[in-house]
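Residue numbers (the numbering used here), protein chains in the order written: chain C, 1 to 193; chain W, 1 to 193. All residues carry an ideal CB built from backbone N, CA and C; glycine is no exception. Here the structure is laid out as structure tokens; the discussion comes afterwards.
Protein chains: 2
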Amino acid sequence: MKPTFTAREQITDASSARERILYTAHDLFYQNGIKSTGIDKIISESRVTKTTFYRHFSSKDLLIDTYLEYRHEKWIAWFNESLSKHGSQLSALYPTLSDWFQSTNYRGCAFINGMGELNDNTTIINPITTQHKEAMLNSIKNLLNADRAATNIAQQIAMAVDGAIIKAQFDQCHQPALNILKQIINTLAPAET
Amino acid sequence: MKPTFTAREQITDASSARERILYTAHDLFYQNGIKSTGIDKIISESRVTKTTFYRHFSSKDLLIDTYLEYRHEKWIAWFNESLSKHGSQLSALYPTLSDWFQSTNYRGCAFINGMGELNDNTTIINPITTQHKEAMLNSIKNLLNADRAATNIAQQIAMAVDGAIIKAQFDQCHQPALNILKQIINTLAPAET
DNA sequence: GACAAGGTAGACAGAGCTGTCTACAAGAGC
DNA sequence: GCTCTTGTAGACAGCTCTGTCTACCTTGTC
């Protein structure tokens, strides 16, 4: 299952203006950065007028927040679904992350990237990043046998996964990051793999 | 040793205009993001005129590149010095990272953040990030006993360190990231700690 | 049939951005 | 003594950005 992380693929003739705006913003924000993406570009690429845009999103900050919430839900849903499809064992992490790292225009974690460029209090970037990483940790925890150490091991694995997300991003190549991650997890949780 | 990651502390009356510009840009770029920091703010805060600024840096992109190179050299020099002061063993990582994570206005890795917001070919962000992470890996490798597995283990530890850098950033707290990192490293390299 | 919701079309304001320009001054090195 | 470097001071051009405004249209619902 190749993940479709380009939201614009979902746009059809029946899509509302609000959907076209949000999906277009998602792709542009993720791909080029939030600060680098102007409202005018989103407006023209989503084929709405300025009036329509501001009717749905009263400010760019509101659009950013909506984008982050949408991205969070979409990503976690895909992550859980993919882990489940691959057997809901720890080993399901590798094909899942491999698919993501190889997806078109992969550019790392939207929330890590967002935290890097936004350092003001105008958006929800910090709370939603915490929420996102907690959800990811929880998904990983569910792959482990529930014993007293599971939370601890899951935290370690989640931290290593974040390292791998970053490495796949600057390597622009999925294989080294995945290989090193496998070695880490094989050592941290040898019984589970 | 508290690291002084605010470059402006170095500015004295004897500092040249170029130094004042670079150190001011360093602090503002790291703290508020590169895109969010305008030339005018750097100019006014470094107490030079626009003419002087453009005499030294013919464009903002050139200043960004200079900032990234300066940051890379400064950070790696500090990292190696701190590891050495703490005994050049793997355990030297913890006090070193602890100092960094607790430093004033800690906001993660300047290169990870930069990659998140810059996705164009106008700067050296991608090559210098690779270079930076290779240098960090090399410093970590030097802490290990040189046997055939050292490179491999060092890669795993470096990936976990990147995860910890990110976690300390969004937790806005150094302790959980450090504790989990310790657990990972204790498992990956039990003989060395 | 009235009305609300959602849409088109585009001018405009006001701010911020990068980068250029002219004119002048002080000190160091050849 | 002349020239080069480094600096001050600030106006200005030209662009992009977010957000507002007026005027008009279509469609579904009560």
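Partners in chain C for residue i, counting only beta-carbon separations shorter than 9 Å
i: Arg107 (chain W); result: Met115, Gly116, Asn119
i: Asn152 (chain W); result: Ile180, Gln183
i: Asn126 (chain W); result: Phe170, Gln172
Exposure label - residue i; buried when at least 16 CB within 10 Å
i: Ser59 (chain C); result: exposed
i: Ala149 (chain C); result: exposed
i: Asp27 (chain W); result: buried
i: Arg71 (chain C); result: buried
i: Glu73 (chain W); result: exposed
i: Glu134 (chain C); result: exposed
i: Thr145 (chain W); result: It is worth fixing the name first, because residue 145 (chain W) is Asn in this sequence and not Thr. The residue is exposed, with fewer than 16 neighbouring Cβ atoms inside 10 Å.
i: Lys50 (chain W); result: exposed
i: Lys167 (chain C); result: buried
i: Ser46 (chain C); result: buried
i: Asp147 (chain C); result: exposed
i: Ala189 (chain W); result: buried
i: Gly87 (chain W); result: exposed
i: Thr12 (chain W); result: exposed
i: Thr195 (chain W); result: No statement about residue 195 (chain W) is possible, as the shown extent of chain W runs from 1 to 193 and does not include it.
i: Asp162 (chain W); result: buried
Per-residue contacts from residue i into chain C (C-beta, under 7 Å)
i: Thr187 (chain W); result: Thr187, Leu188
i: Gln156 (chain W); result: Ile180, Gln183, Ile184
i: Lys41 (chain W); result: Ordered by position in chain C, no residue passes the 7 Å Cβ test against Lys41 (chain W), which lies about 14 Å from the chain.
i: Ile140 (chain W); result: By Cβ distance, chain C contributes nothing, its closest Cβ being about 13 Å from Ile140 (chain W), past 7 Å.
Residue i versus the options, residue with shortest Cα-Cα distance
i: Glu81 (chain C); options: C:Val161, C:Gln172, C:Gln156, C:Ser139; result: C:Ser139
i: Ile153 (chain C); options: C:Ile76, C:Leu137, C:Ile166; result: C:Leu137
i: Asp120 (chain W); options: C:Ala17, C:Thr37, C:Ile11; result: C:Thr37
i: Thr129 (chain W); options: W:Lys182, W:Asn186, W:Asp65; result: W:Asp65
i: Ile21 (chain C); options: C:Arg8, C:Gly33, C:Leu143; result: C:Arg8
i: Gln175 (chain W); options: W:Ser91, W:Ile184, W:Phe5, W:Gln102; result: W:Gln102
i: Val48 (chain W); options: W:Arg107, W:Glu19, W:Lys35; result: W:Glu19
i: Tyr67 (chain W); options: W:Leu93, W:Lys141, W:Ile125; result: W:Ile125
i: Ile34 (chain C); options: W:Thr104, W:Tyr94, W:Met115, W:Thr6; result: W:Met115
i: Ala25 (chain C); options: C:Ala14, C:Phe5, C:Asp13; result: C:Phe5
i: Asn32 (chain W); options: W:Leu62, W:Thr52, W:Ala189, W:Tyr106; result: W:Tyr106
i: Leu143 (chain W); options: W:Cys173, W:Thr96, W:Leu118; result: W:Thr96
Contact set between residue i and chain C, taken where Cβ atoms lie within less than 8 Å
i: Thr130 (chain W); result: Phe170, Asp171
i: Gly33 (chain W); result: Lys35, Gly116, Glu117, Leu118, Asn119
i: Lys133 (chain W); result: Lys167, Phe170
i: Ile11 (chain W); result: By Cβ distance, chain C contributes nothing, its closest Cβ being about 22 Å from Ile11 (chain W), past 8 Å.
Within chain W, the residues that residue i reaches when beta carbons sit closer than 8 Å
i: Asp162 (chain C); result: Asp162, Gly163, Ile166, Lys167
i: Ile64 (chain C); result: None at all; the shortest Cβ gap to chain W is about 13 Å.
Beta-carbon contacts of residue i that lie in its chain and below 6 Å, excluding the five residues immediately before and after
i: Ala110 (chain C); result: Tyr30, Arg71
i: Ala164 (chain C); result: Ala177, Leu181
i: Leu118 (chain C); result: Ile125
i: Ala17 (chain W); result: Val48, Thr52
Under 9 Å by beta carbon: chain W residues contacting residue i
i: Lys60 (chain C); result: Per Cβ cutoff of 9 Å: no residues; Lys60 (chain C) is ~13 Å from chain W at best.
i: Met136 (chain C); result: Within 9 Å Cβ-Cβ: nothing; Met136 (chain C) doesn't reach chain W, min ~12 Å.
Local conformation of residue i per DSSP, three classes
i: Leu93 (chain C); result: helix
i: Ala158 (chain W); result: helix
i: His174 (chain W); result: coil
i: Lys35 (chain C); result: coil
i: Ala189 (chain W); result: coil
i: Leu118 (chain C); result: coil
i: His26 (chain C); result: helix
i: His132 (chain W); result: helix
i: Asp40 (chain W); result: helix
i: Tyr106 (chain C); result: coil
i: Asn142 (chain W); result: coil
i: Asp61 (chain W); result: helix
i: His86 (chain C); result: coil
i: Arg47 (chain W); result: coil
Residues near residue i by beta carbon distance below 7 Å, same chain, minus five either side
i: Asp171 (chain C); result: Ala177
i: Gln10 (chain C); result: Tyr23
i: Gln183 (chain W); result: none
i: Thr104 (chain C); result: Thr6
i: His56 (chain C); result: Ala17, Arg18, Ile21
Proximity test, residue i beta-carbon vs the ligand FMN heavy atom, cut-off 6 Å
i: Ala191 (chain C); result: Among the ligands in the structure shown, none appear at all, so the ligand FMN cannot be discussed.
Sequence-distant residues of the same chain with beta carbon closer than 8 Å to residue i, five excluded per side
i: Ala158 (chain W); result: Lys133, Met136, Leu137, Ile140
i: Ile42 (chain W); result: Ile21, Thr24, Ala25, Leu28, Phe53, Leu63
i: Ile185 (chain C); result: Leu90, Leu93, Ile157, Ala160, Thr193
i: Ser98 (chain W); result: His174, Leu178
i: Gly108 (chain C); result: Ile165, Ile166, Ala168, Gln169
i: Gln131 (chain C); result: His72
i: Ile76 (chain C); result: His132, Ala135, Met136, Ser139
i: Ile112 (chain C); result: Thr129, Asp162, Ile165, Ile166
7 Å Cβ cut-off: residues of chain W touching residue i
i: Ile21 (chain C); result: Residues of chain W passing the Cβ test: none, with the nearest at roughly 21 Å.
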